[in-house]
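First the structure, in the form of structure tokens, and then the observations on it.
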Amino acid sequence: MRAEPLSRAGIVAAARRIADAEGLAALTLRRVAQELSTGQASLYRHITDRRELLALLNDDLARSFPVVDKGTPRERLTAQWLGAHRVLLAHPWAAGVVTDASTSTAAALPFAESALAALLAADLDPATAAHTYRALWHLLIGHVVNEHPLGHPGIDLDPGAYPALTAARPYLSANPETEFEWALRNLLDQVLRGTE
Numbered sequence: 004m005r006a007e008p009l010s011r012a013g014i015v016a017a018a019r020r021i022a023d024a025e026g027l028a029a030l031t032l033r034r035v036a037q038e039l040s041t042g043q044a045s046l047y048r049h050i051t052d053r054r055e056l057l058a059l060l061n062d063d064l065a066r067s068f069p070v071v072d073k074g075t076p077r078e079r080l081t082a083q084w085l086g087a088h089r090v091l092l093a094h095p096w097a098a099g100v101v102t103d104a105s106t107s108t109a110a111a112l113p114f115a116e117s118a119l120a121a122l123l124a125a126d127l128d129p130a131t132a133a134h135t136y137r138a139l140w141h142l143l144i145g146h147v148v149n150e151h152p153l154g155h156p157g158i159d160l161d162p163g164a165y166p167a168l169t170a171a172r173p174y175l176s177a178n179p180e181t182e183f184e185w186a187l188r189n190l191l192d193q194v195l196r197g198t199e
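Each number in my numbering comes from the position in the sequence shown (counting from 1) with 3 added on.
Encoded structure:
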């Protein structure tokens, strides 16, 4: 028997716990009902299907993306994108949800607005700002979903056959935050060159 009434917020919290612990594939309405000690039919009073549940999960996730409006444009962009990277790393399933167009949410608009405003504040023209935002987004998602960065860990390399890979491997960090920060700072260096 449930101790508290069922709500959309409670359903989303349960969905997030399941996705964090068991992965997105395990996230079904039946599993959420089980987590909440209720019948699956009870969920239908609050959500219509799994797709709506994923949209609500995306909405909840988007609200945790940082919006940074203090500092120089470079400081704002660096803090915002590093923060978004931390959010996605904390929830390994999240990249799959935020990149699914069917679960798009207006809750993501403050993040996008803040990032684009910082790019425009750096004196980039609107077209360059738009392309840079897209490049930053792809950089973020690529770093989160890529499970084997250059160097192909676990594969023994013949230095004679793969001299470039052999030379590069020691310089790659196993820390995903370190690797993302390096890429982010270098992308911003190129785009913001001459604007500061």
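Backbone N, C-alpha and C define an ideal beta-carbon position, used for all residues, glycine too.
In three-state DSSP terms, what is residue i?
i	result
asparagine 189	helix
aspartate 94	Correcting the residue identity first, residue 94 is histidine in this sequence and not aspartate. Three-state DSSP puts histidine 94 in coil, outside helix and strand.
phenylalanine 68	coil
alanine 125	coil
leucine 9	coil
tyrosine 47	coil
serine 105	helix
methionine 4	Because the pLDDT at methionine 4 is just 49, under 50, the model does not fix this residue reliably, and the point stays unresolved.
leucine 39	coil
asparagine 149	coil
glycine 197	coil
proline 162	coil
asparagine 61	helix
threonine 181	helix
Whose CA, out of the options, lies closest to the CA of residue i?
i	options	result
leucine 27	Ala170, Ser117 and Gly99	Gly99
aspartate 192	Pro166, Asp161, Thr135 and Pro173	Thr135
valine 15	Glu25, Glu55 and Gly42	Glu55
threonine 3	Ala97, Phe114 and Pro113	The chain is shown only over 4 to 199; residue 3 falls outside these bounds and no answer can be derived.
valine 90	Gly163, Asp63, Ala164 and Ala170	Asp63
asparagine 61	Leu112, Arg33, Ala171 and Trp84	Leu112
proline 8	Val101, Asp23, Ala36 and Leu92	Ala36
alanine 115	Thr51, Asp128, Leu80 and Ala164	Leu80
alanine 24	Pro95, Pro166, Thr51 and Leu160	Pro95
proline 179	His88, Ser45 and Asp128	His88
isoleucine 50	Ala65, Gly13 and Ala29	Gly13
What's the C-alpha gap between residue i and residue j?
i	j	result
isoleucine 3	alanine 109	This structure gives no information on residue 3, because the portion of the chain shown stretches from 4 to 199.
alanine 18	threonine 41	14 Å
alanine 125	proline 76	6 Å
arginine 196	asparagine 189	10 Å
alanine 93	isoleucine 21	14 Å
arginine 48	glutamine 83	37 Å
glutamate 78	leucine 85	11 Å
glutamine 43	serine 67	28 Å
leucine 168	valine 148	21 Å
threonine 131	alanine 138	10 Å
alanine 29	leucine 39	15 Å
serine 176	serine 45	47 Å
arginine 33	valine 194	47 Å
Less than 6 Å between the CB of residue i and some heavy atom of the ligand SAM, yes or no?
i	result
leucine 57	Among the components of this structure there are no ligands whatsoever, and the ligand SAM is therefore not found.
Under 8 Å: do the stretch 63-74 and the stretch 115-133 share three or more Cβ pairs, one atom per stretch? Touching, yes.
Between the stretch 137-151 and the stretch 182-196, do at least 3 Cβ pairs fall closer than 8 Å? Verdict: yes, contact present.
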